[in-house]
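Participant:
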Amino acid sequence: MTEFKPLVFSGVQPTGNLHLGNYLGAIRKFVALQENNDCIYCVVDMHALTAQLVHEDMATQIRSITAAFLAAGIDPEKHIVFNQSQVPQHAELAWIFNCVARIGWMNRMTQFKDKAGKDREQASLGLYAYPSLMAADILVYRATHVPVGDDQKQHLELARDIAMKFNMDFHDKIVPTGLGIDIKVGEEPVHAYFPMVEPLIDGPAPRVMSLKDGTKKMSKSDPSDLSRINLMDDQEAISKKIRKAKTDPDALPSETEGLKGRPEADNLVGIFAALADKSKADVLSEFGGQQFSVFKPALIDLAVDVLAPINAEMRRLMEDPGHIDAVLRDGGERARTRAEKTMNEVRDIIGFVR
Ligand code: AQP
């Protein structure tokens, strides 16, 4: 059985200030994965149009996400860092995937329901088709592993469904062209052109929750800035937000079991664990029985320690937009070469004349 060559791909939307959820759920994993993998990291600017069409500060937002990638430690020379709109093959493959995906599959996407809200008729067609473009972002490189936060799990399942249907529907075209690889789907080996992507969602904080409501995801678009810690927040802001974070009156438990039914406590312990690179159990063995008046100052110190150097480096990089643009152009060129190879093969498999 031949295996697909491992390749990591992930993206972040330039839709506002990056926060601790984006960092712990995604960017920090991007950094760790580059040690032993070939990685492609993308600022998915075309996705940013799905919820809101006009962004006065689009260019600055794209540069700011790129600065966060670099400041966190991503190496744009060994790997590829670029913005999606520089590689039109993403949109081209997304159109093909729009024709592969079934309406019933798209109707099940909970993020569309959340983001479209009550007035679904007014949501853009792009917001509805977003998961199909996301599948194309990944599969145009035939990437195998995707580090993401827990909120993206359903979209990755859809990417697998799309890959599977394409592989099945073009099965007899893939074999004669010799482009496919045998992969195992369940117990059966299937001749496949696209891999079954694996989400990488582990860690103690796969879904960082709002500081104001432990049942809601920390999000760039939450109207309350107190709900999230932004990567650009200074020490004072971080300290204020953690001090004001919602908690309950009880002391911290000594076992993770005791976090059940306490979403805010669970969230803060998860954040601590992720920032300290420990498990929640380790954190509770240190802080079990302590009040939040003891735990919160320790969390503030830790968050400032981890985030201050990233924050300073992002500010430094943002002073030289020419350098950031050059990184994106270089990454875009290398990404385009790879994506065009896939698209030529896809065009041949489908039977388009070229
Ligand atoms: N709260 C979170 N916890 C863990 N991971 C998270 N991610 C986002 N929020 C959390 C992960 O960050 C990566 C980039 O996300 P994105 O910006 O492309 O889109 P998003 O998931 O829609 O992020 P936001 O912050 O919630 O933005 P808005 O408010 O614009 O919708 C992804 O891997 C995501 O899982």
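The numbering of the sequence shown is this note's numbering, which starts it at 1 and goes up by one.
For glycine and all other residues, C-beta sits at the position ideal for the given N, C-alpha and C.
Buried or exposed: Leu-231, going by 16 or more other Cβ atoms within 10 Å of its Cβ?
Facilitator: By one-based count along the sequence shown, residue 231 stands at place 231. Under a 10 Å Cβ-count criterion, Leu-231 is classified as buried, with 16 or more other Cβ atoms of the shown protein chains found around its own Cβ.
Participant: Just jot down, in chain order, the residues whose CB lies closer than 5 Å to any heavy atom of ligand 1.
Facilitator: Val-12, Gln-13, Thr-15, Gly-21, Asn-22, Gly-25, Ala-26, Val-148, Gly-149, Asp-151, Gln-152, Arg-207, Val-208, Lys-217, Met-218, Ser-219, Lys-220 and Ser-221
Participant: DSSP beta-bridge partners for Ile-80?
Facilitator: Here residue 80 refers to the residue found at position 80 when the sequence shown is read from its first residue. The partner list for Ile-80 (beta bridge, DSSP) reads Ile-40.
Participant: List the residues that DSSP assigns as beta-bridge partners of Leu-200.
Facilitator: As a working mapping, residue 200 is identified with position 200 in the sequence shown. Beta-bridge pairing links Leu-200 to Pro-147.
Participant: What are the boundary residues of the beta strand (DSSP E) that includes Phe-9?
Facilitator: Translated into the one-based positions of the sequence shown, residue 9 becomes position 9. 8 to 12 is the span of the beta strand (DSSP E), which, as asked, contains Phe-9.
Participant: Less than 6 Å between C-beta atoms, sequence neighbours within five positions excluded: which residues of the same chain meet that for Pro-263?
Facilitator: Within the sequence shown, the letter at position 263 stands for residue 263. The residues are Gly-214 and Thr-215.
Participant: Between which two residues does the beta strand (DSSP E) harbouring Lys-184 extend?
Facilitator: As a position in the sequence shown, residue 184 is number 184, starting the count at 1. From DSSP, the beta strand (DSSP E) with Lys-184 extends over 181 to 185.
Participant: Taking contact to mean at least 3 C-beta pairs separated by less than 8 Å, is the stretch 154 to 166 in contact with the stretch 16 to 33?
Facilitator: These segments do not touch.
Participant: Could you tell me if Thr-15 is buried or exposed, where buried requires 16 or more neighbouring beta carbons within 10 angstroms of its beta carbon?
Facilitator: Counting from one through the sequence shown, the residue named residue 15 turns up at place 15. So Thr-15 counts as buried.
Participant: By Cβ distance below 7 Å, which residues in the same chain neighbour Ala-274 in space, the five residues on each side in sequence not counted?
Facilitator: Here the question's residue 274 lines up with position 274 in the sequence shown. These residues qualify, in order along the chain: Leu-24, Gly-203, Pro-204 and Ala-205.
Participant: Is it right to say Thr-342 is buried, meaning 16 or more other beta carbons lie within 10 angstroms of its own, or is it exposed?
Facilitator: As a first step, residue 342 is located in the sequence shown; it is residue number 342 there, counting from the start. Thr-342 is buried by the Cβ-count criterion.
Participant: Give the single residue among Val-304, Gly-289 and Asp-114 whose Cα lies nearest to the Cα of Ala-51.
Facilitator: In the sequence shown, counting from the first residue as 1, residue 51 sits at position 51. For the residues Val-304, Gly-289 and Asp-114, the minimum Cα distance to Ala-51 belongs to Asp-114.
Participant: Output needed for Phe-292: all residues of its chain with C-beta closer than 6 Å, excluding positions within five of it in sequence on either side, in chain order.
Facilitator: Taking the first residue of the sequence shown as position 1, residue 292 is located at position 292. Here the set comprises Thr-247.
Participant: Could you give the distance in angstroms between the alpha-carbon of Val-353 and the alpha-carbon of Lys-173?
Facilitator: Start at 1 with the first residue of the sequence shown, and residue 353 comes out as number 353. Start at 1 with the first residue of the sequence shown, and residue 173 comes out as number 173. Taking the straight line joining both Cα atoms gives about 14 Å.
Participant: Please name the residue in Ala-303, Glu-257 and Lys-296 whose C-alpha comes closest to that of Asp-277.
Facilitator: Position 277 of the sequence shown, counting from 1, holds the residue named residue 277. Out of Ala-303, Glu-257 and Lys-296, Ala-303 has the C-alpha closest to the C-alpha of Asp-277.
Participant: Is it right to say Asp-233 is buried, meaning 16 or more other beta carbons lie within 10 angstroms of its own, or is it exposed?
Facilitator: Here residue 233 refers to the residue found at position 233 of the sequence shown. It counts as buried.
Participant: Three-state secondary structure (DSSP) at Pro-321?
Facilitator: As a first step, residue 321 must be located in the sequence shown, where it is residue number 321. It is helical.
Participant: Who does Lys-217 pair with in a DSSP beta bridge?
Facilitator: Residue numbering aside, residue 217 sits at position 217 when the sequence shown is read from its first letter. BP columns for Lys-217 point to Met-209.
Participant: Given this structure, state the Cα-to-Cα distance separating Pro-309 from Ala-72, to the nearest angstrom.
Facilitator: The residue you call residue 309 lines up with position 309 of the sequence shown. The residue you call residue 72 lines up with position 72 of the sequence shown. Taken atom to atom, the span from the alpha-carbon of Pro-309 to that of Ala-72 is near 9 Å.
Participant: Does the count of Cβ pairs from the stretch 326 to 333 and the stretch 80 to 93 closer than 8 Å reach three?
Facilitator: yes
Participant: Once you ignore the five residues that flank Glu-340 on each side, which residues in its own chain have a CB closer than 7 Å to its CB?
Facilitator: Start at 1 with the first residue of the sequence shown, and residue 340 comes out as number 340. Gln-89, listed in sequence order.
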